[in-house]
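K.L.:
Numbering (my numbering), first residue to last: 1 to 277.
Just so it is clear, CB atoms sit at the ideal spot from N, CA and C, and this is done for glycine as well.
Sharing a structure, written as structure tokens. Questions coming.
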Amino acid sequence: MFQYAVRGHDMKNCPTPKDLAKKIAHYQLNNVQFAMTKSFPDIGDLTSMNPGLGTFFKQTFAAEGIQIALLSCYSNLIHPDLEKREALLTRFERYLAHAKYFGAAMVASETGSVLPEMGYTEENFSDAAFEDLVGVIQRLVAYAEKQQVMVGIEAGLNHPLYSLDRIELLLERVPSAYLGIIFDPTNLITSNDYPMQATITEEAFARFGDSIVCLHLKDYRITNSQLQVVPLGEGCIQYQKILAIVARYKPYCYVVLEGTTDATLPRALALLSACNR
């Protein structure tokens, strides 16, 4: 019922692309969220991006039955230094232009922050920050439409895209089939409202489920009133309820495990096996 995936950089001791593909296939998974510069920094950077490089990774993963479901280009899309922002947006556009060679349907990022170092500030919640974000997403989506590749945007409490209302408003302001939401329910909860996580997920799919293209499944525990990410099955995420919601609205949706490394993956997949029927 789901297309489970892992993040490539959560798999350890994979010195070559072939090693990474084989490790993912070993766990009988068929999809990866691939951040080239995190998994293989010596190979992947903006200057090395070219059709042959994308084809190499596509073929290497395909040989083991793996598809690059999402191509990660996580950046501070609203960097306050306009010169640095332009460089980041140009990088994202290069990823969009080359995604087809990787075989990826979308290029993914969070929205970023008004702070260069991406820290917490209430300035991210201002209307001005949101309007800035809208302009950036409009630009990227217009480029994505020409490339026929989706822009996948992920919300988070510390970002201008910090609530269901803001997500819905962004979708209204950028009405394009090439804008998709990567929904991470753990990104939208605090130590105060975490028992409502499944309720928030249900509301999200009811309000803008047509635009949700991927679910991030990130387990957590509450430590000193803070959310601490842990491997799936070691925390308190309501994964069974969340997956039941996804199954009703988006069968065979990409579900990416985040924060679950290869050492803890077998247990996580055993827990999820009953949810994929």
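Report the start-end ranges of each alpha helix (DSSP H) in the segment 149-205 that is 4 residues or longer and not cut off at the edges.
P.N.:
Taking only runs of at least 4 residues, the alpha helix (DSSP H) segments lying wholly in the segment 149-205 are 164-173.
K.L.:
List the residues that DSSP assigns as beta-bridge partners of residue 109.
P.N.:
Against the sequence shown, residue 109 aligns to sequence position 109. Its beta-bridge partners are 153.
K.L.:
Terminal residues of the continuous alpha helix (DSSP H) containing residue 263?
P.N.:
Walking along the sequence shown from the start, residue 263 turns up at place 263. That residue, residue 263, is in no alpha helix (DSSP H); it is neither H nor E in DSSP.
K.L.:
Please look up how many angstroms separate the CB atoms of residue 71 and residue 95, rounded, as I've assumed it's under 8 Å.
P.N.:
Taking the sequence shown and counting its residues from 1, one reaches residue 71 at position 71. Taking the sequence shown and counting its residues from 1, one reaches residue 95 at position 95. About 6 Å separates the two Cβ atoms, so the contact holds.
K.L.:
Can you tell me which of the three DSSP states residue 126 falls into?
P.N.:
Position 126 of the sequence shown holds residue 126. Here residue 126 sits in coil by DSSP.
K.L.:
Starting from the C-beta of residue 228, find all residues in its chain whose C-beta is less than 7 Å away, skip the five residues before and the five after it, and write them out in chain order.
P.N.:
For this step, residue 228 is matched to residue 228 along the sequence shown. Counting only Cβ-Cβ distances below 7 Å, and skipping sequence neighbours, we find 220 and 221.
K.L.:
Could you have a look at residue 5 and say whether DSSP puts it in helix, strand or coil?
P.N.:
Here residue 5 corresponds to residue number 5 of the sequence shown, with the count starting at 1. Residue 5: strand per DSSP, three-state reduction.
K.L.:
Between which two residues does the alpha helix (DSSP H) containing residue 114 stretch?
P.N.:
Counted from its first residue, the sequence shown places residue 114 at position 114. No alpha helix (DSSP H) holds residue 114; DSSP gives it neither H nor E.
K.L.:
Residue 237: which of 192, 186, 91 and 138 sits nearest, CA to CA?
P.N.:
As a working mapping, residue 237 is identified with position 237 in the sequence shown. Checked all of 192, 186, 91 and 138; the closest Cα to residue 237 is 186.
K.L.:
With DSSP run on the structure shown, which of helix, strand or coil describes residue 214?
P.N.:
If you number the sequence shown from 1, residue 214 lands on position 214. It is a strand residue.
K.L.:
Would you call residue 250 buried or exposed, if buried means 16 or more other Cβ atoms sit within 10 Å of its Cβ?
P.N.:
For the purposes of this step, residue 250 is taken as the residue at position 250 of the sequence shown. Burial call: buried.
K.L.:
Nearest CA to the CA of residue 203: which residue from 232, 192, 248 and 159?
P.N.:
Here residue 203 refers to the residue found at position 203 when the sequence shown is read from its first residue. Measuring from the Cα of residue 203, the nearest candidate turns out to be 248.
K.L.:
Contact check, residue 262 vs residue 11 under 8 Å by CB: the rounded distance?
P.N.:
Stepping through the sequence shown from its first residue, residue 262 is reached at position 262. Stepping through the sequence shown from its first residue, residue 11 is reached at position 11. That belief holds up - the Cβ atoms of residue 262 and residue 11 are roughly 5 Å apart, short of 8 Å.
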